[in-house]
Every structure is written in C-alpha cells, then in structure tokens.
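Asks: Before we start, here is the structure in question, set down as structure tokens.
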Amino acid sequence: MMTGRLSPSPAFAALDRAAAERILILDGAMGTQIQQLGLAEDDYTGHGSGHACRHHSDHPQQGNNDLLVLTQPDSVEEIHFRYAMAGADIVETNTFSATTIAQADYGMQAAVYDLNVEGARIVRRALDRATAQDGRPRFVAGAIGPTNRTASISPDVNNPGYRAVTFDDLRVAYLQQAQGLIQGGADILLIETIFDTLNAKAAIFACIQAMEAHGQRLPLMISGTITDASGRTLSGQTPTAFWHSVRHARPWSVGLNCALGASAMRPHLAELSGVAETNICAYPNAGLPNAFGQYDEGPSDTAVQVAEFAREGLVNVVGGCCGTTPDHIRAIAEAVAQYSPRKVPEYA
Ligand SMILES: [Zn+2]
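For the sequence shown, position 277 (counting from the first letter as 1) is numbered 277 according to the UniProt record's numbering, and the numbering increases by one without interruption.
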C-alpha cells in the first residue's frame with residue numbers, strides 16, 4: 001500500500017478506539033437543512049446577507065450549496081452543530097460538489113480551494129463547540145462527491161467511446177479538494193455516493209497523494225451507491241466487485257449511501273459486510289423519494305430499519321443521507337446504542 005510508510009494521523013487512533021467501543025454515528029443530509037433556510041440568490045452570493053463572496057462568477061449561484069461555507073458560514077456551522085448534538089460522532093463537510101469539475105456549472109472553479117479549507121474549518125468549529133458541552137470526541141469528515149461527470153460511460157449514445165472527463169482530470173480536481181480539506185483540518189477523507197468506480201479510483205489516488213504531501217495517513221472512508229434494482233452501481237458492479245476494486249487502498253471503512261432507503265439497501269450491505277475486511281458504514285436515504293422528490297420517512301421509521309443492520313451485526317458506522325434530519329440522526333443513535341459494532345475481519 002502506498003501510504004504504508006506514512007505514520008497515521010493522531011485522529012486515526014482516536015477514531016479506531018471509538019469504533020472498537022460502539023457503533024459510530026455519522027450525520028445526516030445538508031440539503032434539506034439548507035432548503036429550510038429559504039435562501040435567495042443574494043444570500044447565496046452573500047451580497048444580501050452574510051459574507052460577500054470575493055470570488056466572482058457571471059452564473060447565478062442559487063442552489064450552489066457548497067458556496068454557503070464562504071457566504072453563510074454561521075448558518076452552515078449551526079447545521080453541523082445540530083447534527084453533532086443529535087449524536088453524530090463524525091460530521092461531514094459541506095463540500096460534496098467542491099471540485100473544479102462540479103463547480104464549473106456555477107463558474108466558481110476559482111473558489112474551490114477556499115471552499116474545502118473553510119468547509120473543514122466550519123465543521124471543526126461546530127464540533128469543538130459540541131465537545132466543549134459534553135466532552136465527547138468528534139471527527140471532521142471531508143466530503144468528496146462523485147462530480148457530475150463519469151469517466152466510465154459515454155454521455156453520448158451516438159458516440160460510446162466519448163468521455164466527458166478523463167481519469168487525470170478527475171485526479172487533479174480531487175487532489176486540490178483533498179489538499180484543501182486536509183489544510184482546513186479534516187480528520188477523515190470520505191469519498192461518497194460513488195456510482196462510477198473509475199471516478200472513485202481517481203479520488204482514492206488523489207487522496208493518497210494528498211496524504212503523502214501532508215506526511216500523514218488519514219482514515220479513508222469509501223461509500224458507493226446502488227443505482228438500480230439488480231443491485232449494481234451505475235458502472236455495473238455488485239457490492240463484492242466494488243469492494244475488490246477499492247480494497248487496495250485499505251480504506252478505514254467501506255459502505256453504501258444514498259439512492260435507496262434502508263430496507264432496500266439491506267441485502268447489498270449484508271453482501272459487503274460478508275466480504276470486506278474493514279469497517280462497514282451505511283447511511284441510507286429517508287426512504288425512497290415521492291413523486292415530488294421529497295422523502296417521507298420519519299425519524300423512527302428510518303431508525304427501526306437502521307437498528308436492524310446493527311442487530312444483525314452488519315455495521316460499524318451508521319447515519320443518514322438524503323431527506324434525513326437531526327431528528328433522524330438522534331433516533332438512529334438511540335436505536336443502535338444497545339448493539340455492539342460488527343466484528344471487523346483482519347486484512348489477509
Ligand atoms: Zn443521498
């Protein structure tokens with residue numbers, strides 16, 4: 001393993017200790033919480049309220065949620081703080097789309113490094129406030145999304161050989177993101193919502209390069225998403241195949257998030273748990289979206305299903321994805337507290 005010669009970061013051992021004791025809790029969705037703020041274009045750019053963005057773009061910014069770490073930092077910090085106080089041990093940065101590739105839609109490529117540095121700093125501030133109240137250690141997970149392009153599949157049905165992005169484009173963009181997250185104080189790097197394993201491989205490569213540049217090995221969490229009823233990722237892999245294609249990175253955890261609600265995720269999670277020699281992490285959506293794209297599953301409904309993963313010994317970390325709220329996270333934390341974490345097999 002490339003990072004084998006690097007010494008683990010101080011947070012690595014603390015995270016391992018916490019995970020040996022109990023099932024750890026990851027936070028829930030940012031999108032639903034941001035939506036409730038009812039922000040307009042001026043709020044997104046920080047010209048109406050908040051901090052005016054010093055990066056200029058001619059594109060409208062409404063909906064560019066990642067930009068809020070620069071323009072509405074207090075609101076973003078408050079969301080992270082609520083998740084921490086609801087029971088989250090690990091809280092994700094609001095940087096899912098903070099790469100030059102994803103920010104190109106908003107003309108905000110120049111802001112990307114700042115988005116990641118500030119995104120991590122804001123979570124650290126929120127978690128330090130929470131820890132000052134209850135003494136529990138908490139961890140900042142730098143969130144790395146899949147981008148809106150795929151390196152494996154042509155978006156043009158008439159030109160199957162065409163690719164909208166190359167492996168190296170992705171690697172360069174992810175390296176900038178990972179370095180910003182580490183610079184801002186991320187304890188963990190979390191590559192999530194993976195639908196294309198080639199994109200994920202570029203992200204893994206970039207994370208390892210960022211760790212080498214930093215001189216420490218950080219825990220790496222890798223989370224795929226099942227996109228169809230046959231139980232495969234968009235790039236066509238089963239959970240077992242997915243594990244074997246990321247295993248070389250010796251991630252701290254592997255798991256599944258998004259796309260499906262908890263009950264539909266269960267068989268795929270069980271398969272992954274059966275093959276992966278590392279921690280298993282699951283954070284499903286609050287059920288499947290309704291006709292309006294909203295999630296109807298209440299906190300106790302989601303918690304009952306996630307507790308089932310815990311009862312069966314399938315998981316080491318649980319949380320929520322789209323449609324989940326601090327109330328969902330609180331209910332999940334309470335529901336799994338009575339169960340032991342899955343026993344992690346050693347790497348062969
Ligand atoms: Zn999701």
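Using N, Cα and C, we set each Cβ at its ideal position, and we do this for glycine too.
Could you check the C-alpha separation between residue 255 and residue 198 for me, to the nearest Å?
Replies: One C-alpha to the other measures close to 17 Å.
Asks: Is residue 257 close to ligand 1? I mean its beta-carbon at under 7 Å from any heavy atom of the ligand.
Replies: Yes, ligand 1 has a heavy atom inside 7 Å of this Cβ.
Asks: Taking only three categories from DSSP, how would you classify residue 257?
Replies: Three-state result, residue 257: strand.
Asks: Fully enclosed by the stretch 15–94, which beta strand (DSSP E) runs are 3 residues long or longer?
Replies: 90–92, all fully within the stretch 15–94.
Asks: Among the residues of its own chain, which have a CB less than 8 Å from the CB of residue 13, if the five just before and after it don't count?
Replies: The answer is none, since no qualifying residue turns up.
Asks: Can you find the residues in the same chain that come closer than 6 Å, C-beta to C-beta, to residue 1, ignoring five residues on each side of it along the sequence?
Replies: Low local confidence applies: a pLDDT of 47 at residue 1 is under 50, so the model's placement there is unreliable, with the coordinate-based value given in what follows. Excluding positions up to five away in sequence, the list reads 250.
Asks: Is any heavy atom of ligand 1 found at a distance shorter than 7 Å from the C-beta of residue 65?
Replies: Residue 65: no, Cβ never under 7 Å from ligand 1.
Asks: Specify, as a first and last residue, the run of the alpha helix (DSSP H) that residue 270 falls within.
Replies: Its alpha helix (DSSP H) spans residues 262–275.
Asks: Relative to the C-alpha of residue 304, which candidate in 158, 280, 15 and 266 has its C-alpha closest?
Replies: Residue 266 is the option with its Cα nearest to residue 304.
Asks: Leaving out five residues on either side along the sequence, give the residues of the same chain with a beta carbon under 6 Å from the beta carbon of residue 324.
Replies: Taken in chain order, the residues that qualify are 28, 29 and 286.
Asks: How about residue 90 and residue 317: are their beta carbons less than 8 Å apart?
Replies: Going by C-beta atoms, residue 90 is nearer than 8 Å to residue 317.
Asks: Return yes when the Cβ of residue 313 is within less than 8 Å of the Cβ of residue 88, no when it is not.
Replies: The answer is no: Cβ separation not under 8 Å.
Asks: Please state whether DSSP places residue 322 in a helix, a strand or coil.
Replies: Coil at residue 322, not helix or strand.
Asks: Rounded to whole angstroms, how far is the Cβ of residue 150 from the Cβ of residue 164, which I believe are closer than 8 Å?
Replies: Residue 150 to residue 164, Cβ: 7 Å. Contact.
Asks: Closest by CA to residue 122, which one among 284, 182, 302 and 48?
Replies: Answer by Cα proximity: 182.
Asks: Starting from residue 197, trace the alpha helix (DSSP H) both ways and give me its first and last residue.
Replies: Here the alpha helix (DSSP H) through residue 197 covers 197–214.
Asks: Quick check: is any heavy atom of ligand 1 less than 7 Å from the C-beta of residue 207?
Replies: It does not: the Cβ of residue 207 is nowhere closer than 7 Å to a heavy atom of ligand 1.
Asks: Between the beta-carbon of residue 110 and the beta-carbon of residue 177, is there less than 8 Å?
Replies: Not a contact, by the Cβ cut-off of 8 Å.
Asks: By how many angstroms is the C-alpha of residue 299 removed from the C-alpha of residue 327?
Replies: Rounded to the nearest angstrom, the two C-alpha atoms are 6 Å apart.
Asks: What is the DSSP secondary structure of residue 96, counted as helix, strand or coil?
Replies: Coil at residue 96, not helix or strand.
Asks: Where do the N-terminal and C-terminal ends of the beta strand (DSSP E) with residue 192 fall, by residue?
Replies: Run containing residue 192: 188–194, per the beta strand (DSSP E) assignment.
Asks: Based on the DSSP secondary-structure assignment, which residues constitute the bridge partners of residue 139?
Replies: According to DSSP, residue 139 bridges with 90.
Asks: Determine whether the beta carbon atoms of residue 333 and residue 221 lie at a separation below 8 Å.
Replies: No, these two residues do not count as a Cβ contact at 8 Å.
Asks: Between which two residues does the beta strand (DSSP E) harbouring residue 282 extend?
Replies: Looking at the DSSP string, the run of the beta strand (DSSP E) that includes residue 282 is 279–285.
Asks: Flag this pair as yes or no: are the beta carbons of residue 219 and residue 272 separated by less than 8 Å?
Replies: No.
Asks: Just list the residues that DSSP pairs residue 223 with in beta bridges.
Replies: Residue 223 pairs with 255.
Asks: So, helix, strand or coil for residue 304, using DSSP?
Replies: Helix.
Asks: Just to confirm my understanding: we take residue 217, look at its own chain, exclude 5 residues before and 5 after, and list those with CB closer than 6 Å. What are they?
Replies: The residues are 3, 6, 8 and 211.
Asks: Using the Cβ count rule (16 or more neighbours within 10 Å means buried), how would you classify residue 105?
Replies: Under this definition residue 105 is an exposed residue.
Asks: In whole angstroms, what is the alpha-carbon distance linking residue 72 and residue 42?
Replies: C-alpha separation (whole angstroms): 11 Å.
Asks: Compute the Euclidean distance between the alpha carbons of residue 76 and residue 158, then round it to the nearest angstrom.
Replies: Those two C-alpha atoms are separated by around 43 Å.
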